[in-house]
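A.B. asks: Below: one structure in structure tokens.
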Amino acid sequence: MSNRLAERNSEISSFYVMELLRRAKQLETQGKDVIHMEIGEPDFPTPPTIVDAGIKHLLTGEVKYTAAAGLPELRNKIAAFYQKRYGVTVNEQRIFVTPGASGAFLLAFGISLNPNEELLMADPCYPCNSNFATLFGGKTKTIAVDASSRYQLTARHIKEQWTSATKGALIASPSNPTGTLITPEELKQSINTVNTLGGCFYSDEIYHGLVYGTNATTALTFSDDVFVINSFSKYYGMTGWRIGWLIVPDEFIEAAEKLAQNIYIATSTQSQYAALAAFDKNTLVELENRRAEFAARRDFLYDNLLRLGFEISIKPEGAFYIYANCKKFTDDSYQFALDFLEAEAVAITPGKDFGSYEAHHMLRFAYTTSIAKMAIAMQRLDRFINRG
Ligand SMILES: Cc1ncc(COP(=O)(O)O)c(C=O)c1O
């Protein structure tokens, strides 16, 4: 065995769903009509207004590095967005345009986490966030959460689990994989708790635009002493453009500026020019239509999964996922996902990609495909669970 690999590699988890994706691709090359309900990105293309703005800039030929923190106009628009959408004032100097929320996390953890310091996160949660902490030598302590706290960490969890090794807590609302939101009161209490304990509070708000029948509250409503991570990937339909943003507490501005210069110099220039159009009225009309479509898909999928006998303890109010309990059919949700793909050509994500608590009973269904396709997927699921 080679010992040239860094030891940390063994601590970085890979996605089980990649195995399903590999097999799904094989099935497709064999002519099978695979329905993809595993994918965590919108099936809609980037809105044309955004694409046009990107192309227009490319055609100027002036595709040079921008300032490390991002185009001042874009930071300005992001600040204006916080004012308009949430009624909060954010000093633009605290806003850093990043290569997606992923880049925002690298920057946030890079400037705030020391080796061996620990972060509290929910189980289930989006696994990359924990792997980013590992990359910087940090540790994550995952806390099993269930429907009683809307699958979110609470102030009580934070207090109970905090030790001298703990540096902070991360909350993702709406959550991936559960689509559930933290209540504003719980968010406030959690932030207060972390602030009182002298730690860092990280709020992953990447699914904020995609919320149905309620509103998401930004952590900035309650404190300026928080890291807020957001992105143009999901609501704005720009996954492949790799652009997001990070808002840091005042004392981290200088460090963020310095680290951003070093780790990626600047976020893709054409993506930043494209994103300038993301807040335009015409773009928002288009995005709101898409949000309505996602809401209808959520309802369709929710009703059908319940009808088929899956358990969903809370109707999700955001993102584009339903995290369903399949214990009526199996004690091995990963095998269930593999067998379902093999038998019926529908791809879904097994619970163990998001943690270990009850993961063997859980499956994540993404409604990133049309109702027409999901209707076929549900017929196939019905046939699969009722096979002889
Ligand atoms: C909860 C959560 N945070 C962050 C990300 C990273 O998103 P991106 O880097 O595309 O902005 C994802 C992507 O699926 C996610 O689900």
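Going by my numbering, the sequence shown opens with residue 435, and the numbers climb by one from there. For every residue, glycine included, the Cβ atom is placed at its ideal position computed from N, Cα and C.
(1) Please list, in chain order, all residues of the same chain as Y768 whose beta carbon is under 7 Å from its beta carbon, the five residues on each side excluded.
(2) Specify the secondary structure class of V501 as computed by DSSP and reduced to three states.
(3) Give the residues whose C-beta lies closer than 6 Å to at least one heavy atom of ligand 1, in chain order.
(4) Are A542 and Y636 touching if we call contact CB-CB under 9 Å?
(5) Ordered along the chain, which non-local residues of its own chain (more than five positions away) have a Cβ less than 6 Å from that of A700?
(6) Quick check on A581: buried or exposed, where buried means 16 or more other Cβ atoms within 10 Å of its Cβ?
(7) Is it buried or exposed for K668, if we count other Cβ within 10 angstroms and need 16 for buried?
(8) For D773, which option in R438, Y585 and E453 has the closest C-alpha, if you only look at C-alpha atoms?
(9) Quick check: F770 and L797, are their CB atoms within less than 9 Å of each other?
(10) Please return the same chain residues whose Cβ sits closer than 7 Å to the Cβ of I616, not counting the five positions on each side in sequence.
(11) Could you tell me how far apart the beta carbons of W679 and T532 are, in whole angstroms, since I believe they sit closer than 8 Å?
(12) Can you find the residues in the same chain that come closer than 6 Å, C-beta to C-beta, to E745, ignoring five residues on each side of it along the sequence?
(13) With a Cβ-Cβ cutoff of 9 Å, do F433 and F515 count as a contact?
(14) Quick test of the definition: if touching needs 3 or more C-beta pairs under 8 Å, does the region 618 to 628 touch the region 654 to 662?
(15) Grab me the residues of T764's own chain with a C-beta within less than 6 Å of its C-beta, minus the 5 sequence neighbours each way, in chain order.
(16) Return the Cβ separation of V497 and Q704 in integer angstroms, given the expectation that the two are a contact with Cβ distance under 8 Å.
(17) Apart from the five residues on each side of it in sequence, which residues of its chain come closer than 7 Å, Cβ to Cβ, to A487?
(18) How far does the alpha helix (DSSP H) with S705 in it extend, from its first residue to its last?
(19) According to the Cβ coordinates, are G474 and T802 closer than 9 Å?
(20) In the DSSP assignment, what residue or residues form a beta bridge with E552?
(21) Could you tell me the alpha carbon to alpha carbon distance between D684 and T523, rounded to whole angstroms?
(22) Are there 16 or more other CB atoms within 10 angstroms of the CB of A726, so buried, or fewer, so exposed?
(23) Assuming contact is defined by CB atoms lying nearer than 9 Å, are M471 and A781 in contact in what I supplied?
(24) Please report the straight-line C-alpha distance between G602 and G495, rounded to a whole angstrom.
(25) What are the start and end residues of each continuous alpha helix (DSSP H) run of 4 or more residues lying completely inside the region 708 to 787, in chain order?
(26) Do I469 and I810 have their CB atoms nearer than 9 Å?
(27) So, G643 versus I484, is the Cβ gap smaller than 9 Å?
(28) So the candidates are K593, Y560, Q460 and I577; which of them puts its Cα closest to the Cα of T630?
(29) Less than 8 Å separating the Cβ of H591 from some heavy atom of ligand 3?
(30) Would you tell me roughly how many angstroms separate the C-alpha atoms of F666 and R821, rounded to the nearest one?
(31) For G678, list the residues DSSP reports as bridge partners.
(32) Distance check for G613 and R817, CA to CA, integer angstroms please.
(33) Does DSSP put V660 in a helix, a strand or coil?
(34) Near V579, what residues of its chain come up, given a Cβ to Cβ distance below 6 Å and the 5 sequence neighbours on each side ignored?
C.D. replies: Walking through what the data contain:
(1) The residue labelled residue 768 in the question sits at position 334 within the sequence shown. Within the same chain, Y768 has close Cβ partners Y450, P784 and K786.
(2) In the sequence shown, residue 501 corresponds to position 67, counting from 1. According to the sequence shown, residue 501 is Ala rather than Val. Coil.
(3) G474, G534, A535, S536, Y560, A606, N610, D638, I640, S665, S667, T673 and G678
(4) The count along the sequence shown starts at 1 and reaches residue 542 at position 108. The count along the sequence shown starts at 1 and reaches residue 636 at position 202. Yes, these two residues count as a Cβ contact at 9 Å.
(5) Residue numbering aside, residue 700 sits at position 266 when the sequence shown is read from its first letter. If we look at A700 and ignore the five residues flanking it on each side, its Cβ neighbours are Y499, T500 and A502.
(6) Along the sequence shown, read from residue 1 onward, the residue named residue 581 stands at position 147. A581 is exposed by the Cβ-count criterion.
(7) As a first step, residue 668 must be located in the sequence shown, where it is residue number 234. K668 comes out buried.
(8) Walking along the sequence shown from the start, residue 773 turns up at place 339. Cα-wise, what sits closest to D773 is E453.
(9) Numbered from 1 along the sequence shown, position 336 holds the residue referred to as residue 770. Numbered from 1 along the sequence shown, position 363 holds the residue referred to as residue 797. Contact: yes.
(10) Start at 1 with the first residue of the sequence shown, and residue 616 comes out as number 182. Excluding sequence neighbours, I616 sits near R584, Q586, I605 and S607.
(11) For the purposes of this step, residue 679 is taken as residue 245 along the sequence shown, with counting starting at 1. For the purposes of this step, residue 532 is taken as residue 98 along the sequence shown, with counting starting at 1. W679 to T532, Cβ: 6 Å. Contact.
(12) In the sequence shown, the residue the question calls residue 745 occupies position 311. The residues are N759.
(13) Since the first and last residues shown for the chain are 435 and 822, residue 433 lies out of range.
(14) yes
(15) Reading the sequence shown from its first residue, position 330 is the one you call residue 764. Within the same chain, T764 has close Cβ partners F770.
(16) Position 63 of the sequence shown, counted from the start, is the residue given in the question as residue 497. Position 270 of the sequence shown, counted from the start, is the residue given in the question as residue 704. Contact holds; Cβ gap of about 6 Å.
(17) Here residue 487 refers to the residue found at position 53 when the sequence shown is read from its first residue. Cβ neighbours of A487 beyond the five flanking positions: Y707, A708, L710 and A711.
(18) Translated into positions along the sequence shown, residue 705 becomes position 271. Start and end: T703 to A709.
(19) The sequence position of residue 474 within the sequence shown is 40, counting from 1. The sequence position of residue 802 within the sequence shown is 368, counting from 1. The answer is yes: Cβ separation under 9 Å.
(20) Translated into positions along the sequence shown, residue 552 becomes position 118. For E552, which the question treats as bridged, DSSP gives the partners K573 and T600.
(21) On the sequence shown, residue 684 is found 250 positions in, with the first residue counted as 1. On the sequence shown, residue 523 is found 89 positions in, with the first residue counted as 1. C-alpha separation (whole angstroms): 13 Å.
(22) Walking along the sequence shown from the start, residue 726 turns up at place 292. It counts as exposed.
(23) Locating residue 471 in the sequence shown gives position 37, where the first residue counts as 1. Locating residue 781 in the sequence shown gives position 347, where the first residue counts as 1. Yes, they are a contact pair.
(24) Against the sequence shown, residue 602 aligns to sequence position 168. Against the sequence shown, residue 495 aligns to sequence position 61. Their Cα atoms are separated by approximately 43 Å.
(25) 715 to 742 and 767 to 778
(26) Within the sequence shown, the letter at position 35 stands for residue 469. Within the sequence shown, the letter at position 376 stands for residue 810. Contact flag set, yes.
(27) As a working note, residue 643 is residue 209 in the sequence shown. As a working note, residue 484 is residue 50 in the sequence shown. It is not a contact, given that the beta carbons lie outside the stated cut-off.
(28) In the sequence shown, residue 630 corresponds to position 196, counting from 1. The candidate whose alpha carbon is nearest that of T630 is K593.
(29) Within the structure as shown, ligand 3 is missing, the only ligands being ligand 1.
(30) Position 232 of the sequence shown, counted from the first residue, corresponds to residue 666. Position 387 of the sequence shown, counted from the first residue, corresponds to residue 821. C-alpha separation (whole angstroms): 42 Å.
(31) Working through the sequence shown from its first residue, we reach residue 678 at position 244. Paired residue(s): T532 and S665.
(32) Sequence index remark: in the sequence shown, residue 817 carries index 383 (1-based). Sequence index remark: in the sequence shown, residue 613 carries index 179 (1-based). Cα-Cα distance, rounded: 27 Å.
(33) To locate residue 660, count along the sequence shown from 1; it is residue 226. Correct three-state label for V660: coil.
(34) Position 145 of the sequence shown, counting from 1, holds the residue named residue 579. Taken in chain order, the residues that qualify are A556 and Y585.
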